[in-house]
Structure formats: structure tokens, C-alpha cells
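See structure below.
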Amino acid sequence: MTNLQLKLPAASGGEFSICRGNDLSIRSLTPGQSPGQAQRQAAGNGLANRFMNRNFIPIKSLLFVCAMMAAPVQAQHFLFPDSLLDQLRSGNENIAKIRETYLDQLRLHPESERLHFCVAETYVMQSRFPEARHHYHEVLRMNPDNTQAGFRLAVTYEQEAKLDSALMIAEPLAIKHPGDSRLLFKTGNLFEQASDYHQAMVYYKQWEKADTQSPWPATCVGQIFEKTGNPDSARAAYLRAEENGGTAQSAYRLFLHARRHADPDLSRLYQESTFERTISEISLSEKLWQPSLENPFDPQTTQTTPIKNADELIKILRSVVANWFPSPASESLETRILDQMKKHPDAPLLLEQLAFVYKQQKNWDQAIHVYERFLSLQPRSPEGLKNLGSIYEQQKEWSKAFQIYQKGLNLDLESEEFYPLVVRTATRAGCLQSLNERWFRLLQAHPDNALLRHYLIHLHSQSGQNDDAKK
């Protein structure tokens, strides 16, 4: 049996346990449910069992059901290996079945804002934005002041890079509702994406006035100042963000400033903040269900924080680890990562950082062990393969390094990244002949691959097979 624990906000009733077996149950682990919560739980159990495929866990659909039962579900992307993420992103057939349930109800209640909104959200989950827009427009037809539907409608255009259309929805709503932080952020962000930094700053500053307790408006203001070449004003904005609790980005920019100015105390302060906040924000950035379906228009249950996408946050985390003061090999960094791993022992991102620290410490055995564990969860990571291969090279284990680099090359024959590494370690491992033969067969299967042809010619020349190189 496979178990998956999903933590929900405290107000929603705690944790849910999803179990795969011959049957499926979603049960609350928190005692003292209200009758309304119990009803939603029973309804959720019924839907879950109705849509359960006995040979597959439709995790995304189950998250959908949990959202119906309580509040937004947070799925922590960076904690899960690739195989589970694939399951999290699948389940389209089950989403369609759940949508049919809503559409059945909508035929009975065609003027229901909530049902139109929920149907739209199921289309968004499948990236079917035109269909989603139809239902958001229906909500706005019935209630032009429904800012949540307007916000989500603008997002569908944004997802298709139709920034002008998104702004035509978001900006009038932001003007009409000058205290709505979510709309002020989205309008400013759309202008920023369109490189209209002046208008972006207008809405970000308005947002900062409207939401005096949040660190996010000042963080976004700081980013605009940086993009327009005003570093002093950017730093002042980041410091304002820190006064309200700070964000990963504000701490990171202040950390880089402290490192440039060789300030050890501030470097330590802001690197710790960046590390902790980045991990927290990565978990939020992968929220799979944005509004609550129990009350989809309640601003208190709607995601309004402008979380960066996980890829950007991962870059920040890797950067702060690589630039850790006084050194990425320091025990303080190792301790921070190990503390996080007590909570998340199989988090690939944390395993990668821990392996990097061991590599910096020249603790080769531990580095190899952790990189192998990381690659068992993320087998297609070029960085992980390169780092593990380089450790084997440090130990002069040329055959092992060659095999690792060959795996990296197999990920993408069109990328030049691994070709020179494979040639170098094949030379030192004494297996040029077998590599020649392998690449010749590969070229026959991929005759248009110019990189493969170039390096095969180089290999022939290096091994003295000039006639073959000419051919």
C-alpha cells in the first residue's frame, strides 16, 4: 500500500491520508470535525472512490477532491522525486469526470457563479484556457465585480503569453478596486513582463501602500529599481521588505550586497534567511489547487502571494549555497541542510545541496553516496551526473567517470555538454575503440546529428584512424 500525507492549513481540518489499495479512503486525522466538515469528508470519499482507477493513483484528482472537502492543498514539489511528480501532473481523465459532475449540477443551476468558477478551474488544470475563459466570463456576466474570476481570467491569457488581453482584464479591475492587493500585484506583474517598468512601478507602489504588512510589494519595487539601474533605491526597498518579514528574493539581494562589501555579519544573517525562505517558498510555488472550491470567491482562501516559480527559487538556493560565507564547505551550511533533511529525508533538492557541500569538503565517499541517492530520485539531472563524474575523476576512477558521463550524453545527443567529458575519460580509461564503435552505430541511427559527427571525426583522429575520419 502506498501512502501520501497532505498537510492542509490548520483551519481546514489538519491532515489527510490518501492510501492506495483495493479501495481508497480519504480520512481526516484531526478530531473534532464540525458537521459541515464531516459532510464534505463523506462527499469527498464518495467522489474519490467513484473516480479511483484501481491500477493507478490519480493524485491530482485526489487533490481536487481534497480541495472540495476543505481548503487549498499544498503539494511540495521539491520534496518529491520525478516518478511521483509525474503522477501529480497526470489524471486528466479523472479531472474530466469530476468536471462532468459539476456540469450536471450546472444544468440544474445555470446561474450559479460557484459552479461556473469550479468548471473553469478544471479546464485550467488541463491547460484548456479558452474553455476556462468561457465560464469565467459567465461569472463576470452575472457579477462584474467578482474580482477572483477576473483575476483568474487574466491569468489564463497570461499563461498563453497574451499580455495585452490579460491587461485589458486586470487593469480596469485594479483601477476599480484600488485596495485589492491581488489585482494590484497581477497588473504590475503583467506590465513588468511587458517591460513597461514605469507602469509596473505605479501598481507595485500602489500595492505597497495598500498592503503595509506584506514584504512582497517592496520586493517587487526593488526588482524594478534593479532593472532600471537604481541599485541604492533597490536596496532601500529590499530593506523595507525585511522590516515586514522579508522574502527569499529580498534576503538574497541583500546577501549578495553584503558579500560584495565584505560584511561578514550581514552575509551570515541574510544567507540564513535566504536558505530558509527559499525552501519555504518553493513548497508554496507548487500549489496545485489555487482557490478553495468550498468558497471560491473568498479572498482569504485565495493565493495572492506572488511566489516565484520553483526554477527561479532553485537557482537562488544553489547560488546562496555556492557563495556561502565563509565557505560552502563550512559546517554551518552542512548543519542547516541536515536539519532540513530531518523533515524531508528524500528531498532531491536538499540531497543535491548536501552532496555539493561534501564535494567542497573533499569528503569523497559521502559525496558519492549522496549524489547516487540524489540520482536515484532524479536520474535525468545533468548537474548531478556531471558532479558525480567529476568526483570519480578526482579519484582517478576513469571507467566509472566515463560511464557516468556517457549516461549524461545519452540524455541529449544534441547537447555539447558531455561530449568532451566522455572523450577525456574514455582516453584515460583506455576504451577509445569501444567508444568509436558505439558512436559509429549512433551516427547511423542519427545521421543528421552534426555534433555527434564532429566528435566522432575528432575521436578517429585522436586514435590515429585518419582514413576513417576522412570518410
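Just so we're aligned: the sequence shown equals residues -12 to 458 in the working numbering. Beta carbons are placed, not taken as given, at the ideal position from N, Cα and C, and that holds for glycine. Just so it is clear, the structure is predicted and the values come from calculations on it, not from any experiment.
| Asked | Found |
| --- | --- |
| Near the ligand GDP: L140 beta-carbon under 6 Å from a heavy atom | Summarising the ligand content, the structure contains no ligands, and the ligand GDP is consequently not present. |
| Stretch-stretch touch, CB-based, cutoff 8 Å, three pairs: the region 325 to 339 with the region 349 to 356 | no |
| Spatial distance of E118 from D326 (CA atoms) | 45 Å |
| CB of G376 within 7 Å of CB of Y392, strictly | yes |
| Endpoints, the alpha helix (DSSP H) within which N423 is located | 419 to 432 |
| Start and end residues, alpha helix (DSSP H) containing W194 | 184 to 197 |
| Buried or exposed by the 16-neighbour rule on C-beta atoms within 10 Å, applied to P335 | buried |
| Contiguous alpha helix (DSSP H) assignments of at least 4 residues, all confined to the region 123 to 154 | 134 to 146 |
| Residue from C418, K373, H356, T265 whose Cα sits closest to the Cα of S386 | C418 |
| Local conformation of M55 per DSSP, three classes | Because M55 carries a pLDDT of 37, less than 50, the predicted location of this residue cannot be relied on, and no value is offered for it. |
| First and last residue of the uninterrupted alpha helix (DSSP H) at F104 | 100 to 112 |
| Reduced DSSP category for A342 - H, G, I as helix; E, B as strand; rest coil | helix |
| Of the residues L90, V410, A437, L438, the one placed nearest Q449, counting alpha carbons only | V410 |
| Cβ neighbour criterion (16 or more within 10 Å) applied to L49 | Only weak support is given to the placement of L49: the predicted model assigns it a pLDDT of 41, under 50, and the value that follows is read from those uncertain coordinates. Label assigned to L49: buried. |
| Span separating the alpha-carbon of P202 from that of R227 | 7 Å |
| Backbone CA spacing between C207 and Y191 [nearest angstrom] | 7 Å |
| Cβ-based neighbour list, D10, same chain, cut-off 6 Å, excluding 5 preceding and 5 following | Note that D10 scores a pLDDT of 34, beneath 50, so its modelled location is shaky and nothing firm can be said. |
| Backbone CA spacing between R94 and A161 [nearest angstrom] | 33 Å |
| P313 - DSSP class collapsed to helix/strand/coil | coil |
| Outcome for I261 when other beta-carbon atoms lying within 10 angstroms are tallied against a minimum of 16 | Contrary to the premise, residue 261 reads as Thr rather than Ile in this sequence. Buried: at least 16 other Cβ atoms inside 10 Å. |
| Beta-carbon proximity list for L102, same chain, < 7 Å, skipping 5 on both sides | Y89, Q92, L93, H96 |
| Of the listed residues L256, R428, Q420, D183, nearest to H482 (C-alpha basis) | Only positions -12 to 458 of the chain appear in this structure, which leaves residue 482 out of reach. |
| Reduced DSSP category for H331 - H, G, I as helix; E, B as strand; rest coil | coil |
| Host alpha helix (DSSP H) of P366 (start-end) | No alpha helix (DSSP H) contains P366, which DSSP labels as neither H nor E. |
| Best match in A297, N133, I324 for proximity to V357 [C-alpha to C-alpha] | I324 |
| Span of the alpha helix (DSSP H), counted from its first residue to its last, around L460 | This structure leaves residue 460 out entirely; the chain is present only between -12 and 458. |
| Delimiting residues of the alpha helix (DSSP H) encompassing T234 | Premise fails: T234 is in no alpha helix (DSSP H) and is neither H nor E. |
| L443 burial status per 10 Å Cβ neighbour count (16 or more: buried) | buried |
| Simplified DSSP assignment, three categories, for P165 | coil |
| Rounded distance between the beta-carbons of L140 and R120, thought under 8 Å | 6 Å |
| Residue from Q236, Q210, E229 whose Cα sits closest to the Cα of Q200 | E229 |
| Straight-line Cα distance separating K214 from Q236 | 14 Å |
| C-alpha gap between R246 and L364, whole angstroms | 33 Å |
| Contact check, L300 vs E268, beta carbons under 7 Å | yes |
| Presumed contact (8 Å Cβ cut-off) between R459 and L338, rounded CB distance | The requested residue 459 does not occur in the structure, where the chain is confined to residues -12 to 458. |
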